[in-house]
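Student: Protein sequence lines, in the order shown, are assigned to chains A and B.
Start counting the first sequence at 1021; every next residue gets the next number (this note's numbering).
Start counting the second sequence at 76; every next residue gets the next number (this note's numbering).
For each residue, glycine too, the CB sits at the ideal point set by N, CA and C.
As the structure is a computational prediction, the values presented were derived from the model and not from experiment.
Just passing along the structure, written as structure tokens.
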Amino acid sequence: EADIYQTPRYLVIGTGKKITLECSQTMGHDKMYWYQQDPGMELHLIHYSYGVNSTEKGDLSSESTVSRIRTEHFPLTLESARPSHTSQYLCASSEYLTSGTETQYFGPGTRLLVL
Amino acid sequence: KNEVEQSPQNLTAQEGEFITINCSYSVGISALHWLQQHPGGGIVSLFMLSSGKKKHGRLIATINIQEKHSSLHITASHPRDSAVYICAVRAYNTDKLIFGTGTRLQVFP
């Protein structure tokens, strides 16, 4: 059972509002990721982090920001929501084992609707 | 053209059938992941492969690095296997995953 949490699970908000999607994991993983997924489509990387005070942009990052002040917390902020931001947002963390295996753990997702 | 292509896009099966889902990719990779996404969005990591074959219960994943191809097999399929199966690759020297669009599997009793 993955210990990675996202809040809110569902959000309906008006255009122009600032929103923050929360993601927390209790596994002590250094690497965390935010993905955006439209229905029936592939996941696209928005931002990722190698650890505290490390953030990197992904493919769709231009309209959002992230912070990583604590290992367990990786919030995503949209400064001014637009209808084009309507999508599902998935947070993930990953763990590399000494065997060389990597496991990705995904949160339950936040479904965002911008009116 | 996507760097990761999956086939088929949709698959229906009767309970008990043997299922194969294919993934082809066009970049050099250090690893390939198979993920399972249930209705409602929750995603579970099934396998990470860098070579050969892995088995977990009724699931088997294989990869052929030379042919840039991986397959996910489900033996004795069950309705609870109904989900979207996603292939994702990690290209060399990157921490980013490149995702396929997924294969939607429905297994009927």
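Thinking A/I1024 and A/G1127 are a contact (beta carbons under 8 angstroms), I'd like their distance in whole angstroms, please.
Tutor: The residue you call residue 1024 of chain A lines up with position 4 of the first sequence. The residue you call residue 1127 of chain A lines up with position 107 of the first sequence. With 8 angstroms as the limit, A/I1024 and A/G1127 qualify as a contact, their Cβ atoms being about 4 angstroms apart.
Student: Helix, strand or coil, according to DSSP, for B/R133 in the structure here?
Tutor: Counting from one through the second sequence, the residue named residue 133 of chain B turns up at place 58. Reduced to three states, the DSSP call for B/R133 is coil.
Student: Show which residues of chain A have a CB atom less than 7 angstroms away from the CB atom of B/I135.
Tutor: Counting from one through the second sequence, the residue named residue 135 of chain B turns up at place 60. Result: empty, since nearest Cβ-Cβ is about 16 angstroms, beyond 7 angstroms.
Student: By DSSP, does A/S1100 sit in helix, in strand, or in coil?
Tutor: For the purposes of this step, residue 1100 of chain A is taken as the residue at position 80 of the first sequence. If DSSP states are grouped into helix, strand and coil, A/S1100 belongs with coil.
Student: Can you list the residues of chain B that A/K1051 reaches, using a CB-CB cut of under 7 angstroms?
Tutor: In the first sequence, counting from the first residue as 1, residue 1051 of chain A sits at position 31. Simply D170.
Student: Give me the residue from B/I96, B/F174, B/K130, B/A106 with the minimum Cα distance to B/M123.
Tutor: What you label residue 123 of chain B is simply residue 48 of the second sequence in a count that begins at 1. Per the Cα distances, B/A106.
Student: With a threshold of 7 angstroms on Cβ separation, who are the neighbours of B/A151 within its own chain once the five nearest residues in sequence on each side are excluded?
Tutor: If you number the second sequence from 1, residue 151 of chain B lands on position 76. Excluding sequence neighbours, B/A151 sits near G91, R133.
Student: Would you mind stating whether B/I161 and B/Q112 have Cβ atoms separated by less than 9 angstroms?
Tutor: As a working mapping, residue 161 of chain B is identified with position 86 in the second sequence. As a working mapping, residue 112 of chain B is identified with position 37 in the second sequence. Contact flag set, yes.
Student: Assuming B/I96 contacts B/S146 under a Cβ cut-off of 8 angstroms, what Cβ separation, rounded to an integer in Å, is found between them?
Tutor: Locating residue 96 of chain B in the second sequence gives position 21, where the first residue counts as 1. Locating residue 146 of chain B in the second sequence gives position 71, where the first residue counts as 1. Yes, B/I96 and B/S146 are in contact; Cβ-Cβ is about 7 angstroms, under 8 angstroms.
Student: Would you be able to state if there are at least three C-beta pairs under 8 angstroms between the region 1039-1053 of chain A and the region 1091-1102 of chain A?
Tutor: yes
Student: In three-state DSSP terms, what is B/H153?
Tutor: Position 78 of the second sequence, counting from 1, holds the residue named residue 153 of chain B. B/H153: coil per DSSP, three-state reduction.
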